[in-house]
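Take a look at the structure set out below.
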Amino acid sequence: MALTVHIPSAKITPPRIGVPLLKRERLLPMVHEGMTRRLLILCAEAGYGKTSLLLSALPEVGGPVAWLTLDESDADPNLFSAGLIAAVCAVVPDFGDLVPSILTTGPERAELRRVLLGALETLPEAVIVLDDFHTVERNPEVVRLVDDLLGNLPPPVHLVIATRTWPRLQVLPILLVQGQATTVDHSHLKFSRDEAVAFFRTSHSLEMDDLLAGGLTERTEGWPAALQLIALRAKAQGRTDVQGTPRE
């Protein structure tokens with residue numbers, strides 16, 4: 022199929038991480054289980070490793086995984102829908118053959134919802150990831166469209182939302198009560214002492230003793246981005262380990 026809206030390939034391809042991914046054994050079961058429900062939400066500020074966690078979970082997902090990295094340009098129902106279609110087409114090529122014809126007509130939300138749901142009904146077991154969902158929430162029409170889709174999502178299709186702010190989805194409380202949604206927040210994503218040690222060793226080939234790791238995770242509150250900066254500073258100094266005391 023040919024879309025009339027050009028979607029950059031970088032938006033519909035899972036991003037590449039510059040360092041080896043840390044396989045977070047503590048969280049992967051929760052993420053994999055969440056991907057079997059209608060909705061999985063990963064919500065935390067920047068630097069908590071939401072995208073990295075999803076990337077490390079993808080190899081064990083059985084069916085196709087569509088990935089869409091959102092930005093401010095997608096805060097329009099038509100452009101959002103075009104990106105969603107292109108992302109699914111990247112892993113299911115014949116998806117949505119009838120959808121692109123309506124995207125240039127500025128359809129009403131009800132018509133857009135009807136056509137998108139009709140296309141989603143054709144999918145086998147599949148996961149759709151919407152990364153950086155917070156970038157489109159300034160337009161309530163996009164949020165309402167996602168609400169509509171979630172409220173009627175075919176059982177084989179599972180939606181994953183990664184965001185820095187809690188999504189304003191009206192259907193979310195219902196899905197939580199029904200056991201059809203899983204949420205992962207910063208309290209889950211922050212590194213434990215053992216994960217900090219594993220992160221320095223696996224992602225940066227740096228050694229660290231348990232005492233220092235415990236002090237650093239306490240000081241940084243387990244914020245992965247802060248630990249990443251500490252690792253980069255150690256490597257810039259040509260070291261093979263992280264030195265100092267927990268108070269340093």
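Each residue of the sequence shown is one higher than the one before, starting from 22 at the first, in this note's numbering.
All residues carry an ideal CB built from backbone N, CA and C; glycine is no exception.
Beta-bridge pairing of residue i - partner residues as DSSP gives them
{"i": "Cys-64", "result": "Thr-184, Asp-206"}
{"i": "Ile-149", "result": "Ala-87, Leu-180"}
{"i": "Glu-228", "result": "Asp-262"}
Candidates the options, of which the one nearest residue i by Cα
{"i": "Val-192", "options": "Leu-171, Leu-49, Gln-258", "result": "Leu-171"}
{"i": "Val-27", "options": "Ala-108, Leu-74, Thr-143, Ala-246", "result": "What sits at residue 27 in the sequence shown is His, not Val. That would be Ala-108, whose Cα lies nearest to the Cα of His-27."}
{"i": "Val-150", "options": "Thr-57, Ser-213, Gly-68, Pro-161", "result": "Thr-57"}
{"i": "Arg-37", "options": "Val-52, Leu-79, Glu-46, Ala-67", "result": "Leu-79"}
{"i": "Ser-226", "options": "Pro-245, Cys-110, Leu-253, Arg-134", "result": "Leu-253"}
{"i": "Ser-213", "options": "Ser-77, Glu-146, Leu-60, Gly-243", "result": "Gly-243"}
{"i": "Asn-43", "options": "Ala-217, Lys-256, Leu-232", "result": "Strictly speaking, residue 43 in this sequence is Leu, with Asn absent from that position. For Leu-43, the nearest C-alpha among the options comes from Ala-217."}
{"i": "Asp-95", "options": "Glu-142, His-209, Ile-33, Ala-234", "result": "Ile-33"}
{"i": "Asn-99", "options": "Leu-210, Val-157, Val-178", "result": "Val-157"}
{"i": "Ser-208", "options": "Pro-29, Pro-35, Ala-31, Arg-47", "result": "Arg-47"}
{"i": "Leu-74", "options": "Arg-59, Pro-35, Gly-104, Pro-145", "result": "Pro-35"}
Straight-line Cα distance separating residue j from residue i
{"i": "Leu-197", "j": "Arg-222", "result": "37 Å"}
{"i": "Pro-85", "j": "Val-148", "result": "6 Å"}
{"i": "Ala-247", "j": "Gly-70", "result": "11 Å"}
{"i": "Asp-168", "j": "Met-51", "result": "23 Å"}
{"i": "Ala-255", "j": "Leu-233", "result": "14 Å"}
{"i": "Thr-241", "j": "Val-82", "result": "32 Å"}
{"i": "His-53", "j": "Ala-257", "result": "36 Å"}
{"i": "Val-164", "j": "Leu-174", "result": "15 Å"}
{"i": "Asp-231", "j": "Leu-49", "result": "23 Å"}
{"i": "Glu-239", "j": "Arg-159", "result": "35 Å"}
Test: residue i CB closer than 8 Å to a CB of chain C
{"i": "Ala-257", "result": "Going by chain labels, chain C is absent from the structure shown, which holds only one protein chain."}
Own chain, CB closer than 6 Å to residue i, minus 5 neighbours either side, in chain order
{"i": "Gly-117", "result": "Ile-106, Ala-140"}
{"i": "Leu-63", "result": "Lys-71, Ala-183, Val-205"}
{"i": "Val-113", "result": "Pro-85"}
{"i": "Ser-224", "result": "Val-40, Pro-41, Leu-43"}
Chain-order list of residues whose beta-carbon lies under 8 Å from that of residue i (same chain, five-residue window excluded)
{"i": "Ser-102", "result": "Val-120, Leu-124, Leu-133, Leu-137, Leu-166"}
{"i": "Ala-274", "result": "With the chain represented from 22 up to 269, any question about residue 274 goes unanswered, as that position is not in the structure."}
Sequence-distant residues of its chain with Cβ nearer than 7 Å to residue i (five each side left out)
{"i": "Asp-262", "result": "Leu-227, Glu-228, Met-229"}
So, does the region 89-97 touch the region 197-211, judging by three or more C-beta pairs under 8 Å? Judged by Cβ distances under 8 Å, the region 89-97 makes no contact with the region 197-211, as fewer than three pairs qualify.
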